[in-house]
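Accompanying notes for the structure given below.
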Amino acid sequence: MKVLIVDDDHLLADRVVRDLYEVGIEAEAFYSGEECIVSARRDRPSLILLDISMPGISGFETLRRLRYFPTLARTRVVAISSLADAASMFTIGSAGFDACVAKPIVMSEVLNQVYHQRGADSRP
Numbered sequence: 003m004k005v006l007i008v009d010d011d012h013l014l015a016d017r018v019v020r021d022l023y024e025v026g027i028e029a030e031a032f033y034s035g036e037e038c039i040v041s042a043r044r045d046r047p048s049l050i051l052l053d054i055s056m057p058g059i060s061g062f063e064t065l066r067r068l069r070y071f072p073t074l075a076r077t078r079v080v081a082i083s084s085l086a087d088a089a090s091m092f093t094i095g096s097a098g099f100d101a102c103v104a105k106p107i108v109m110s111e112v113l114n115q116v117y118h119q120r121g122a123d124s125r126p
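Structural data, given as structure tokens:
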């Protein structure tokens with residue numbers, strides 16, 4: 003299983019990658035939507051954690067572009083957002099995100115998304 007963490011906050015993205023690595027999950031950080039798309043097309047990750055608000059193309063636009071490619075259309079994409087009110091959650095879900103992890107990020111929530119993606123696989 004490979005997880006992409008996409009956030010323009012380098013420290014946050016790198017911390018999540020490090021924490022996932024410590025529990026045996028392969029993860030890689032990217033800092034823009036453009037980098038995410040290139041990597042996702044090449045590596046076909048199992049899960050993408052994608053920040054909503056980034057310079058350049060937003061998380062919403064990145065998701066739209068990812069869904070354009072048939073090989074990525076069913077990839078689970080979880081939004082990372084500091085907006086956690088009901089209206090924002092509705093907008094995020096309506097855009098096609100599979101779930102949302104609120105900022106500040108709590109690693110147990112990230113791990114729940116990873117384990118959800120693994121389905122019946124055992125935890126590391």
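Just so we're on the same page, our numbering is the position in the sequence shown counted from 1, plus 2. We treat Cβ as the ideally placed atom computed from N, Cα and C, and that holds for glycine.
Please work out which residues of its chain come closer than 6 Å, Cβ to Cβ, to residue i, disregarding the five sequence neighbours upstream and downstream, and give them in chain order.
i	result
Ile94	Ala81, Cys102
Val149	Nothing about residue 149 can be read from this structure; the chain reaches only from 3 to 126.
Val19	Ile7, Ala29, Ala31
Grab me the residues of residue i's own chain with a C-beta within less than 7 Å of its C-beta, minus the 5 sequence neighbours each way, in chain order.
i	result
Lys105	Ile82, Ser83, Ser84
Asp53	Val8, Asp9, Asp10, Gly61, Ile82
Glu111	Val103
Gly98	Leu65, Arg69
Ile27	Met3, Val5, Val116, Pro126
Asp21	Met109
Does the Cβ of residue i have 16 or more other Cβ atoms within 10 Å, making it buried, or fewer, making it exposed?
i	result
Ala15	buried
Tyr33	buried
Between residue i and the rest of its own chain, which residues show a CB-CB distance below 8 Å, the 5 nearest in sequence each way excluded?
i	result
Ile39	Thr64, Arg67, Leu68
Thr77	Ala42, Arg46, Pro47, Ser48, Leu49, Ile50, Leu68
Measure the beta-carbon distance from residue i to residue j and round it to whole angstroms, keeping in mind my assumption that it falls under 8 Å.
i	j	result
Leu49	Gln119	5 Å
Review point. What are the complete alpha helix (DSSP H) segments, minimum 4 residues, inside the stretch 53-121?
Key: DSSP runs (the alpha helix (DSSP H)) wholly in the stretch 53-121: 61-70, 88-96, 109-120.
Check your understanding: Which full runs of the alpha helix (DSSP H) of 4+ residues lie inside the stretch 10-34, going along the chain?
Key -> For the stretch 10-34, whole alpha helix (DSSP H) runs of length 4 or above, ordered along the chain, are 12-24.
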